[in-house]
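Engineer: Can you keep this structure in mind? I'll have questions shortly.
Protein chains: 2
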Amino acid sequence: MRSPDQLTVAFRNAGLKVTPQRQLLFRLLHNNSAHPTAESLFVAASAEMPGISLRTVYQTLTDLTDMGELQSIDFGTGASHFDPNVAHHHHAVCDSCGAIHDVYVEEAPRLTGLDGFSVEHSHIVYRGTCAACA
Amino acid sequence: MRSPDQLTVAFRNAGLKVTPQRQLLFRLLHNNSAHPTAESLFVAASAEMPGISLRTVYQTLTDLTDMGELQSIDFGTGASHFDPNVAHHHHAVCDSCGAIHDVYVEEAPRLTGLDGFSVEHSHIVYRGTCAACA
DNA sequence: TTGCAAATTAGCAATTAGTGCAAATAACCT
DNA sequence: AGGTTATTTGCACTAATTGCTAATTTGCAA
């Protein structure tokens, strides 16, 4: 995801308006590697801007995702997680504390069973115990 | 997942009862590689046993999953999919028709970023277009 | 076989995550 | 500064799933 300033320009160029609510979310998401959910962002945003609506948080997350600034990921934990790191990478989810870490693949796996299936995207999810919990 | 007959024994051994509803679901799931959802199993079950409750389908799927006979997988499609293939494998999801195919990894990928994270399980999801849709 | 304790079914209410809608408000181009 | 257009909010609504409970069924044991 680009910086709040760059997003301000990008939003205006796309005919979208830059509101205080959106600027706050730009800031909360920039360099955020916690893989937050809409709900957790809503809590963080409410601390700085009491009264902000959960609906607005969802709306802005959807806008950012549509613009390719954010990746929406479902780990089967109930709620979608949002990742401002849109480079191709994977995730390690700690079964103990729920923390989600970024993982990079240097060499792709070799496969069987993909007869004729043309792969456009792949995502690996590792589960186990993180360093802090071990 | 084991055969309906073997599951009958396993359920009784576990103190669980074997009802016609459960036997039907054992049959519908055995050798089923379609990765069905609770809802699609409910539709299939209703055809053979009108009046069966969706609640019962969910309950039996939960029981089978708890017993390790079934794997529950969330592809972010809204509903959970159930897989009677509990061997370690991965999935390819067709973005066009939604079909889910099994994929086997011969050689694991090489990684960075997993500092101290001890991996217990991994699951790769491929997205793209299946042979039938291409 | 029948009886009975324990498990199950079915139905409906409740919950969680997210979206649709419309009135009031705010942004920003000129 | 003004007006058009997007945005915010709040509320109702959907989809998937779980909680609860009365009525029923299973399966051991006599």
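Protein chains in written order, with this note's numbering: chain A, 1 to 134; chain B, 135 to 268.
Heads up, the beta-carbon is just placed ideally off N, CA and C, and yes, glycines get one too.
Only a predicted model underlies this, so the values are computations on that prediction, with no experimental measurement involved.
Nearest-angstrom Cα distance between B:Pro138 and B:Gln205?
Structural biologist: Mapped onto the second sequence, residue 138 of chain B falls at position 4. Mapped onto the second sequence, residue 205 of chain B falls at position 71. Cα to Cα, the separation comes out at about 17 Å.
Engineer: The beta strand (DSSP E) spanning A:Thr112 covers which residue range?
Structural biologist: Taking the first residue of the first sequence as position 1, residue 112 of chain A is located at position 112. Arg110 to Thr112 is the span of the beta strand (DSSP E), which, as asked, contains A:Thr112.
Engineer: How would you list, in chain order, the residues of chain B whose beta-carbon sits under 9 Å from the beta-carbon of A:Ser118?
Structural biologist: Taking the first sequence and counting its residues from 1, the one referred to as residue 118 of chain A is at position 118. Correct list: Gly262, Thr263, Cys264, Ala265 and Ala268.
Engineer: Could you pull the DSSP bridge partners for B:Val227 from this structure?
Structural biologist: The sequence position of residue 227 of chain B within the second sequence is 93, counting from 1. B:Ile234 and B:Arg261, per the DSSP bridge assignment.
Engineer: Between the Cα of B:Val239 and the Cα atoms of B:Thr153, B:Val152, B:His224 and B:Val253, which residue gives the shortest distance?
Structural biologist: One-based indexing of the second sequence puts residue 239 of chain B at position 105. For the residues B:Thr153, B:Val152, B:His224 and B:Val253, the minimum Cα distance to B:Val239 belongs to B:His224.
Engineer: Please say whether B:Glu254 and A:Arg127 have beta carbons closer to each other than 9 Å?
Structural biologist: As a first step, residue 127 of chain A is located in the first sequence; it is residue number 127 there, counting from the start. As a first step, residue 254 of chain B is located in the second sequence; it is residue number 120 there, counting from the start. Against a cut-off of 9 Å, the Cβ pair of B:Glu254 and A:Arg127 comes out as a contact.
Engineer: Of all the residues that make up the region 189-207 of chain B, which are near chain A by a beta-carbon distance shorter than 7 Å?
Structural biologist: none
Engineer: Which of helix, strand or coil does DSSP assign to A:Asp115?
Structural biologist: By one-based count along the first sequence, residue 115 of chain A stands at place 115. Here A:Asp115 sits in coil by DSSP.
Engineer: Based on the DSSP secondary-structure assignment, which residues constitute the bridge partners of A:Phe82?
Structural biologist: Start at 1 with the first residue of the first sequence, and residue 82 of chain A comes out as number 82. Residue pairing by DSSP places A:Phe82 opposite A:Ser72 in a beta bridge.
Engineer: Taking Cβ to Cβ, would you say B:Ala144 is nearer than 9 Å to B:Arg136?
Structural biologist: Here residue 144 of chain B refers to the residue found at position 10 when the second sequence is read from its first residue. Here residue 136 of chain B refers to the residue found at position 2 when the second sequence is read from its first residue. Going by C-beta atoms, B:Ala144 is nearer than 9 Å to B:Arg136.
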